[in-house]
Structure formats: structure tokens, C-alpha cells
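Step one of this worksheet: look at the structure below.
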Amino acid sequence: AKDSGRSTFSFFARDMDKNLTERLQMEAALKEAIGTEQLQLYYQPQVLISTGQVVGVEALMRWQSPELGSVSPGRFIPLAEETGLIMPLGAWCLEEACRQLAQWRQLGFNGLMAVNISVRQILRADFFDLLEEVLAQSAIPADRLELELTESLMMDNVEASLEVVQRLKGLDVSLAIDDFGTGYSSLSYLKRFAVDCLKIDQSFIRGLREDNQQARSLIRAIVQMAHNLELNVVAEGVETPEQLAILTAEEVDVAQGYYLGKPMPASEVEVILRSQGVT
Ligand code: C2E
Ligand code: CA
Ligand code: CA
Ligand code: CA
């Protein structure tokens with residue numbers, strides 16, 4: 644038993660070593676990547692269901708590393724949060740997204756630019772300085788910038804988050820609760836957070852089919868509650884016409900997902916904006 648215990652231990656130790664080496668390598672590579680062509684923002688359309696118009700886009704980071712290949716944000720964002728690299732990375736994302744929106748506004752686009760903000764970023768006092776600076780620099784109306792804060796972020800630090808939300812509303816930026824339904828928030832909390840929009844997590848959309856009444860009544864309950872609180876409802880991860888039809892019937896306001904458009908480079912968004920006579 645002793646022997647097998649030891650070999651188990653060394654197995655894990657070796658494993659941890661490998662993970663650590665990989666992480667250090669990725670951290671170094673990410674540090675190098677910030678401010679270079681390796682990092683890009685892609686944009687995914689948000690479509691107003693009642694008109695079919697693109698009324699917003701969500702900025703999503705893409706990293707093409709020469710050593711590591713394409714790395715998904717699901718891997719490098721958590722690493723950036725743990726190492727603090729999320730500060731320069733998040734600043735770059737915010738600046739780039741607002742610069743891009745200012746450019747699209749010149750084409751007549753009056754929609755939203757949605758930007759994901761992570762915990763580490765938002766709980767830092769200098770985040771507000773950055774935000775004010777970026778808004779001033781890009782000269783976009785503050786309410787055209789929508790910050791997406793995950794439900795779990797807000798529920799893990801309710802008091803701190805309430806304070807942050809209040810300060811953000813003071814700047815007049817728009818706020819969305821991201822991944823709604825995954826973080827156990829209660830109705831009473833939602834009321835206290837003066838956000839503008841609620842994004843239903845894609846895990847709730849995945850199960851939406853004509854023959855699944857349960858999934859459908861969940862959506863119905865969320866929409867009813869959100870509309871009572873005067874929140875806009877966005878469904879993310881919409882992949883099929885069937886899902887879109889159900890969401891339409893359930894009066895969801897905005898849809899986002901592969902069926903309506905994958906995350907795409909800025910040049911492709913521009914083609915869409917020009918073709919819809921922009922809004
Ligand atoms: P998220 O904010 O929930 O973003 C939605 C994710 O769903 C994106 O993954 C998007 O590409 C994907 N998606 C969109 N439509 C569909 C669909 O129809 N079906 C399916 N299966 N997936 C769809 P992505 O781009 O890999 O980003 C993953 C996560 O990384 C994001 O989840 C967000 O939490 C984070 N992230 C991405 N960019 C940033 C950023 O600039 N800052 C921060 N803090 N987080 C970011
Ligand atoms: Ca998001
Ligand atoms: Ca989401
Ligand atoms: Ca998510």
C-alpha cells in the first residue's frame with residue numbers, strides 16, 4: 644500500500660509539474676501577445692427579434708499565438724485573471740471595442756457594443772479611471788457601451804458588486820448580467836441591481852425544442868420576471884430556427900448565436916451594417 648501510495652504521489656507531482664510548465668509558458672506568451680496582432684477582437688451580432696436588425700455586437704477576444712496556435716478565451720481568460728494580466732488585456736479590449744464602435748457610429752450604427760468584464764478587473768479602483776478615459780477618448784455616448792458582468796461574479800460579492808453597479812450607472816454605461824441562470828441569483832437581488840439587460844445562458848437555450856415543454860416554461864418564467872423588472876432579455880447560443888421561433892413566441896427581445904451570426908472580424912460586421920442600412 645505504501646508503494647502504490649508513493650507512485651500515485653509521484654504521478655501527480657509529475658503531472659503538476661507539466662501543468663505548471665505549460666501555464667508559465669502560456670503566461671509568458673500571453674504577456675508578449677498584448678498589443679500585437681496576435682490578439683484580436685471578434686464581434687458577434689445581437690439581433691432584435693421583432694425587426695431582424697443588428698442592434699448590438701458582443702466583443703470576444705481571439706488569440707492566435709505563434710507557439711501555441713489558436714488559444715480559446717475559455718483557457719487564457721482564467722489564466723489572465725489569476726496572473727493579473729487581465730488588467731492590461733481588459734484595458735486593451737475596452738479601448739479597442741470603443742474605438743471600433745466610434746468608427747461604426749460614423750457609418751450610422753447606433754447600436755450597442757457589449758464588452759465582457761471580469762471580476763479582477765471590476766473590483767480594482769482604477770477600472771473607473773480607465774472607463775472614463777476610454778469613453779472620453781472614443782467620444783461614444785456612455786449608454787452605447789454595455790458591460791457584461793457574469794451572474795456568479797455579482798453573487799459572489801453582492802455588497803461590493805452593488806457598489807460597483809451604482810458607480811457604473813453614475814457613468815451612464817449600460818449593464819448586462821451575463822450567463823444568467825447559472826449563478827443562483829434570487830429575484831430580490833435582481834431588483835437591487837439596477838442593470839439594463841439579462842442574458843440567458845446558452846445552457847438554457849440548448850434544450851429548447853418544440854417537444855420540450857419544461858425548457859420552454861423556464862424561458863417563459865425568466866422573461867416574465869425580467870420584463871416585470873423592465874429588463875431587456877437577450878438569449879445567447881441560439882443555433883436553430885426552431886429555437887428562434889420559440890424565443891420569438893416567448894417574447895425574448897434579442898437573440899445571439901451561430902444561427903444569427905458567429906463571432907466575426909470587424910470587416911465582416913461592416914458588411915452587415917452597410918447592408919441593413921444601419922440602425
Ligand atoms: P460568454 O461571454 O458567455 O460568450 C459567449 C460564448 O459563446 C462565446 O465563446 C461565443 O463564441 C460562444 N457562442 C456564441 N454563439 C454560440 C452558439 O450559437 N453556440 C455555441 N455553442 N456557442 C456560441 P468564446 O468566444 O469562446 O468566449 C468564451 C468566454 O470567454 C466568454 O463567454 C467570456 O466569458 C470569455 N471572454 C471572451 N472574450 C472576453 C473578453 O474580452 N473579456 C473577458 N473578461 N472575458 C472574455
Ligand atoms: Ca458575454
Ligand atoms: Ca454568456
Ligand atoms: Ca459563458
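So in UniProt numbering, spot 68 of the sequence shown is number 711, and the numbers just go up one at a time. By construction, the Cβ of each residue, glycine as well, lies at the ideal position given by its N, Cα and C atoms.
Can you tell me the Cα-Cα spacing of residue i and residue j, whole angstroms?
i    : j    : result
Q681 : W706 : 6 Å
V816 : D786 : 4 Å
N855 : Q809 : 39 Å
Y685 : V895 : 24 Å
S910 : I729 : 26 Å
I765 : R917 : 34 Å
M907 : Q687 : 6 Å
T694 : A888 : 14 Å
Q886 : L663 : 42 Å
N871 : R835 : 14 Å
A779 : N800 : 29 Å
M669 : L711 : 8 Å
Within this structure, are the beta carbons of residue i and residue j separated by less than 8 Å?
i    : j    : result
Y902 : V876 : no
W747 : I677 : no
Q857 : V697 : no
R763 : E791 : no
L814 : L774 : yes
G812 : A782 : The amino acid occupying residue 812 in the given sequence is Lys; Gly does not appear at that position. Not a contact, by the Cβ cut-off of 8 Å.
S761 : I820 : no
A878 : V690 : no
To which residues of the same chain is residue i closer than 7 Å at the C-beta, ignoring the five residues directly before and after it?
i    : result
K645 : The predicted model places K645 with a pLDDT of 47, which falls under 50 and marks its position as unreliable, so this point remains unresolved.
E738 : V777
F771 : R810
I692 : L890, T891, V895, D896, V897, A898
CB-CB under 8 Å to residue i, same chain, minus the five flanking residues each way: which ones, in chain order?
i           : result
I865        : F823, G824, L841, I843, F847, V876
S713        : R705, W706, Q707
residue 966 : Coverage of the chain is limited to positions 644 through 922, which leaves residue 966 absent and any answer about it impossible.
D839        : E789, S817, L818, A819, L874, N875
Excluding the five sequence neighbours on either side, which residues of its own chain have a C-beta within less than 6 Å of the C-beta of residue i, listed in chain order?
i    : result
L788 : M756, V816
K661 : none
Handout entry: Below 6 Å from a heavy atom of ligand 2 - residues by beta-carbon
Key = Residues whose Cβ lies closer than 6 Å to any heavy atom of ligand 2, listed in chain order: E701, N759, E791, D821.
Problem - Completely contained alpha helix (DSSP H) runs for the segment 791-820, where each covers 4 or more residues - result: With a minimum length of 4 residues, the continuous alpha helix (DSSP H) runs that stay inside the segment 791-820 are 794-799, 801-813.
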